[in-house]
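Those sequence lines, one after another, are chains A and B.
One rule links them: number in this note's numbering = place in the first sequence (from 1) + 1.
One rule links them: number in this note's numbering = place in the second sequence (from 1) + 1.
One structure below.
Number of protein chains: 2
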Amino acid sequence: MTSPVLAPSALDALVAALQERHPEIEVRPSSPATVDYLHDAATRLAPAGSASTIGPAVALPASPEHVQDLVRIAAEHGVPVVPRGAGSGLSGGASATTGELVISTERLTRILEVSPEDEVAVVEPGVLNAELNAHLAPLGLFYAPDPASWRISSIGGNIATNAGGLRCAKYGVTRESVLALDVVLADGSLISVGHRSIKGVTGLDLVSLFVGSEGVLGIVVAATVRLRPIPAARRTVTAFFDSTAEGAAALAAITASRVRPSIVEFFDEPTLVSIDRHSHSRLRERGGSLLLIELDGFGIAEQFAELRDALTAVGGRVQAETDADGEVLWELRRSGRGFDLDSWFSGGDIAVPKSRIPEVYAYFAVLQERYGVEVSAVAHAGDGNLHPLITLRIPDGADPSAPPATLHDATDDLVRFALSVGGTVSGEHGIGTVKRELAAVELSPRTLAAQHALKAALDPTGLFNPGKAF
Amino acid sequence: MTSPVLAPSALDALVAALQERHPEIEVRPSSPATVDYLHDAATRLAPAGSASTIGPAVALPASPEHVQDLVRIAAEHGVPVVPRGAGSGLSGGASATTGELVISTERLTRILEVSPEDEVAVVEPGVLNAELNAHLAPLGLFYAPDPASWRISSIGGNIATNAGGLRCAKYGVTRESVLALDVVLADGSLISVGHRSIKGVTGLDLVSLFVGSEGVLGIVVAATVRLRPIPAARRTVTAFFDSTAEGAAALAAITASRVRPSIVEFFDEPTLVSIDRHSHSRLRERGGSLLLIELDGFGIAEQFAELRDALTAVGGRVQAETDADGEVLWELRRSGRGFDLDSWFSGGDIAVPKSRIPEVYAYFAVLQERYGVEVSAVAHAGDGNLHPLITLRIPDGADPSAPPATLHDATDDLVRFALSVGGTVSGEHGIGTVKRELAAVELSPRTLAAQHALKAALDPTGLFNPGKAF
């Protein structure tokens, strides 16, 4: 479901009003030149994405005051507002329709302050995750949430989706690293929520309500985030297993140990094959599945010894990698497994309780049998979050932009399986436009009603990001 | 501000209806026998606490269904409901008036499940924090939030206040350990929010909204909490300094290091003197202030070496304690510093950014000069959360139950100072009834309006805990 396309006149009138009253704010009218803003990474990749050749209107504010002015005047004109970060999202949450006003934070890119003494940074939402970390590294600090897309995703978008990433197995997701926010609400007012202190319980936790709210409650214009010291040491460890099932089962041995690695990524056999094919690596020669692990902090030798014993006992071939080899492996992980252009595909980001990961991998055979699809997954195994890839070979002569219903059905089936074992539709990408039906399966009618009541309390006219999230 | 006392008839009619329609639920009418339920630990200790000799009506549900029935029928009768855990709260959040119905979770004490494989426990709200940890210890697991009151405080109350504690410097506050909740809303419906998986971003984060909401949004009847492995090792370290100022300044040396202890408690000079007087310890002989630290995890020797070097360089006398001595020291910390019955006193739980802790201690001299009070504080220094104790000697012949305005003014002044350096009114106890004026100083009118709108969205008639929190 997306919001209805308005008559062009409402949007045109809004753009004209903005250009007259606020010439200092760059606003681009709806045109073929803004067509990129119809999409985020999810709908751009999706075969069934919008084929419109006319984009939305796009505003590029350069200050929080600009955002306030834009929201106030859009509300006056009754034009829906789509908040947008770097547009790298994987759920359609930042996609727009031709009749909407996109407020992009791509020019709000200042790092306003870094305080090593308080272990906080204050940043504008358009700062890229990797930019912030590059800025912090010389100070011996880092910002823990690290989505695989960190080179292209912005802090504002990370906040909107409560982004996870590789290291959140140990350090928590974005929510655990956000202390305070400045947010523009639907009436154009600016509120500051949270505090610079690490702790604080005064009033309801509005920071957590805004984090992960997918742009439906307000627009974040500044964030105070928590920093951490770069650990005393980091070491990459590989554990190869003969099969996918053996590797998945071995995760329980880590849970039963006292070692909590900063990263635990699991690659099943088809993923290793796919990476090898696209990156000229030779991972599959070393085993039929891989746990790629990062240990960090103090006592690396002690940690490694306990981890090695735990994984060796369940069939793992465990090795501490050199720094150089470790870098190559992490680069392979972050680049993704590659896509084959001769197949339709569908992804996702289900999360399940840790002990249920092996059952999810075992269920791939059921899907294959039932729908004729190929299924593989790389997993943030330390916290039970999987990125499945469901593919179906495009037959000769078939329309590549028209995947058959079986692809959708298989995706749906897998998500319902995750729900049946206590999991969730989305572990870190958000619901956006592409998972709304499934979100309604996960959330009971009463819970959905509560969500809508909270939305209406802060945005009574439904100005922000209509048709998204829940 | 407390809610107005209703005419007895409304409450009497409610109790009669409950006894007739639900004889299986124990309900005690308003009477002198329920007078304890007028108070929590804050208002019981406060000289100006309610002097009523008639308590509220009290219901003791034994199941979630009982809670639903109670809420539904209280709503029908228009009688306000005060949710209550163990009554150990320090902000008046669980205090009641004679005209209200207290729904106490003291009989919902089942540990429903412990899953080492998923690292979760499912518990009813009346389980005491220390009970849960005693149950988990043989499994090699622990529940991280550990308020100093853990022997008497319940998980439900911890959730209502987003309780902190000693170890949250490293492991986070209650919010970071709660994955899912079953909550009874004001219409008597039961919703399940969150999920058993560690990650999940489907919909707005209702779990975080309920955690710390001080009973104004609903009644938690079950919680799925996150567990952690008991660390490979724990070591208690003391660092004594010549003065309060030197010890407070030394905190920056920990921040500048790569060591992040599981606990960092700071005792100023008057606190050491007070503990010695009440516990026959001899801490003051060892120094004029104390950092009491717990290191945990792997590489304890490496951690200790880096910490010792950092603190020795700024004048600390650093020592690793034996396990036996460590236990004595933590027991002294958890028992509190003791109260002198010949003084009026006022407490609190302000939190400030880490680097501002020394200024807070320096400000005590200003308060002493300005109001003639004595001020000291023990601090959860790892996260900037302080527990000040402001005392004023009761002159001969004065009424002990009537402290002078200067005590209130000094408390108020200190909180405003914390706010002026980026801090918050309450780091972990909540606002309850006793800090509402100050919460209104911290939260802007627009932020307060947003909080009230969210409250109204979930509890439109204001059934739950009127007059509390914000």
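Quick reminder that beta carbons are idealized off the backbone N, C-alpha and C, glycines included.
Since the model is a prediction, treat every value here as computed from it, not as a measurement.
CA-CA distance, A/Gly165 to A/Pro117, rounds to 23 angstroms. A Cβ-Cβ contact shorter than 9 angstroms links B/Pro57 with B/Ala97. For B/Arg417, the enclosing alpha helix (DSSP H) starts and ends at 406-421.
Taken in chain order, the members of the stretch 383-410 of chain A whose beta-carbon sits within less than 9 angstroms of a beta-carbon on chain B are Gly383, Asp384, Gly385, Asn386.
Going by C-alpha positions, B/Ala250 is about 12 angstroms away from B/Ala314. Between the alpha carbons of B/Thr425 and A/Ser190 lies a distance of about 22 angstroms. Separation of the CB atoms of B/Gly327 and B/Thr237 is rounded to 3 angstroms, and the pair is thereby assigned contact status at 8 angstroms. Between A/Pro126 and A/Leu102, the C-beta gap is not smaller than 9 angstroms, which leaves the two residues out of contact. The DSSP-derived three-state label of B/Pro359 is helix.
B/Arg229 belongs to the set of residues whose beta carbon lies under 9 angstroms from a beta carbon in chain A. Annotation for A/Ile294: the continuous beta strand (DSSP E) segment containing it runs 290-297.
Chain B places no beta carbon closer than 9 angstroms to that of A/Lys171, leaving this residue out of the contacts. Nearest Cα to B/Ala161 within the set B/Val174, B/Pro446, B/Leu167, B/Arg152: B/Val174. By the Cβ criterion, the stretch 304-323 of chain A is in contact with the stretch 242-257 of chain A, since at least three pairs of Cβ atoms, one from each stretch, lie closer than 8 angstroms. By DSSP's assignment, A/Asn386 forms a beta bridge with A/Ala352, A/His381. Look at B/Ala470 here: in three-state DSSP terms it is coil, with no helix or strand label. Taking a beta-carbon distance threshold of 9 angstroms, A/Gln369 does not count as an interface residue toward chain B. Between B/Glu266 and B/Leu293, the C-beta spacing is below 9 angstroms.
Along the stretch 157-216 of chain B, the beta strand (DSSP E) occurs as fully enclosed runs of 3 or more residues at 179-185, 191-195, listed in sequence order. For B/Thr256, the neighbours in chain A by C-beta distance under 9 angstroms run, in chain order, Pro117, Glu118, Asp119, Glu120, Pro230. For A/Val124, the enclosing beta strand (DSSP E) has its first and last residue at 121-124. Apart from the 5 residues on each side of it in sequence, A/Glu114 sits with its Cβ closer than 7 angstroms to the Cβ of Ala122, Val123 in its chain, given in chain order. For the pair of segments examined, the stretch 287-303 of chain A was found not to touch the stretch 219-227 of chain A: the number of CB pairs separated by less than 8 angstroms stays below three. Taking C-beta atoms under 8 angstroms as the contact rule, B/Leu180 and A/Leu455 fail to qualify, at a distance of about 20 angstroms.
By the rule that beta-carbons nearer than 9 angstroms mark a contact, B/Asn163 touches chain A. Pairing A/Ser214 with A/Ala470, the inter-Cα distance amounts to about 8 angstroms.
The three-state secondary structure of B/Trp345, taken from DSSP, is strand.
Checking the DSSP bridge columns, you'll see A/Pro84 partnered with A/Ile104. The beta-carbon separation of A/Arg22 and A/Ile74, rounded to 7 angstroms, stays under the 8 angstroms limit for a contact. Within chain A, the residues placing a beta-carbon under 9 angstroms from that of B/Ala253 are Glu118, ordered along the chain.
With respect to B/Ala95, B/Gly158 sits close: the two C-beta atoms are nearer than 9 angstroms. Under the three-state reduction of DSSP, B/Arg229 is assigned to strand. Within a 10 Å sphere around the beta-carbon of B/His381 sit 16 or more other beta-carbons, which makes this residue buried. Within the stretch 286-299 of chain A, contact with chain B at the beta-carbon level (separation under 8 angstroms) is assigned to Gly298, Phe299. Legend: CB atoms of the stretch 354-369 of chain B lying less than 9 angstroms from CB atoms of chain A belong to residues Pro354, Lys355, Ser356, Arg357. Here B/Val379 has Phe268, Thr272, His388 as same chain residues with Cβ atoms under 6 angstroms from its own Cβ, once five neighbours each way along the sequence are excluded.
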